[in-house]
Amino acid sequence: MTSPLVLETLRKFRIIVGAVRQHSRTLEDSCGISGTQVWILATIAEQSDIKVSQLGQALSIHVSTASNLLDKLGRAGLIERLRSEEDRRVVRLRLTEAGKAVIERAPKPLTGPISDALARMPASTLAELDANLAVLIGHMSEIDQRAADEPLSNLVR
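Sequence positions in the sequence shown follow the working numbering and run 154 to 310.
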């Protein structure tokens, strides 16, 4: 039989996943794009002329994942890519007016409920949570390390 503490901990995970799903749905309903795409727009708004590699680092996602999401945002007319005059391989990102409008109407927090909550936690509590999650992952039999580089909203759909 599963212990009450295990069941209560599972309930907390369900609350967290439910919050991510709900926030993602709210963003999609109000903005017409995914929560991850809104987060990308918000990051570009904060760091205009950011490079694709820097964006991937800022969001803790793989560069190829960022590039695929940027392709969609570019086709939607929400971002523009600017090639460097000095080095044509370097591409910098900016929001278009349409991209800025999406950010203005997007419900907050733009980074998502988990990132927002983690950022507000005391450093010692966050470090303890990180260590405990590593222990949990260590006890799991089936894990996909590639999931660490995927936006969370893509994983909980």
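Ideal placement from N, C-alpha and C gives every residue a C-beta, glycine not left out. Treat the numbers as computed from the prediction; the structure is a model and nothing was measured.
Between the CA atoms of residue j and residue i - distance to the nearest angstrom
i, j, result
"residue 174", "residue 247", "28 Å"
"residue 243", "residue 160", "50 Å"
"residue 258", "residue 308", "25 Å"
"residue 196", "residue 166", "27 Å"
"residue 184", "residue 262", "13 Å"
"residue 300", "residue 291", "15 Å"
"residue 253", "residue 274", "29 Å"
"residue 186", "residue 278", "33 Å"
"residue 251", "residue 224", "15 Å"
Opening and closing residue of the beta strand (DSSP E) in which residue i lies
i, result
"residue 244", "244-248"
Pick from the options that is closest to residue i, judged by C-alpha positions
i, options, result
"residue 249", "232, 294, 260", "232"
"residue 191", "154, 180, 200", "180"
Delimiting residues of the alpha helix (DSSP H) encompassing residue i
i, result
"residue 297", "Where residue 297 is concerned, there is no enclosing alpha helix (DSSP H), given that its DSSP letter is neither H nor E."
Nearest-angstrom Cβ-Cβ length linking residue i and residue j, presumed shorter than 8 Å
i, j, result
"residue 265", "residue 305", "7 Å"
"residue 216", "residue 209", "4 Å"
Q.
Quick check for students: name the residue ranges of the beta strand (DSSP E) that lie wholly in the segment 161-236, counting only runs of 3 or more.
A. Fully contained in the segment 161-236 are the following beta strand (DSSP E) runs of length 3 or more, in chain order: 232-236.
Q: Return the chain-ordered ranges of every alpha helix (DSSP H) run that is complete within the segment 256-309 and spans a minimum of 4 residues.
A: If only uninterrupted alpha helix (DSSP H) runs of at least 4 residues are considered, those enclosed by the segment 256-309 are 266-273, 276-292, 305-308.
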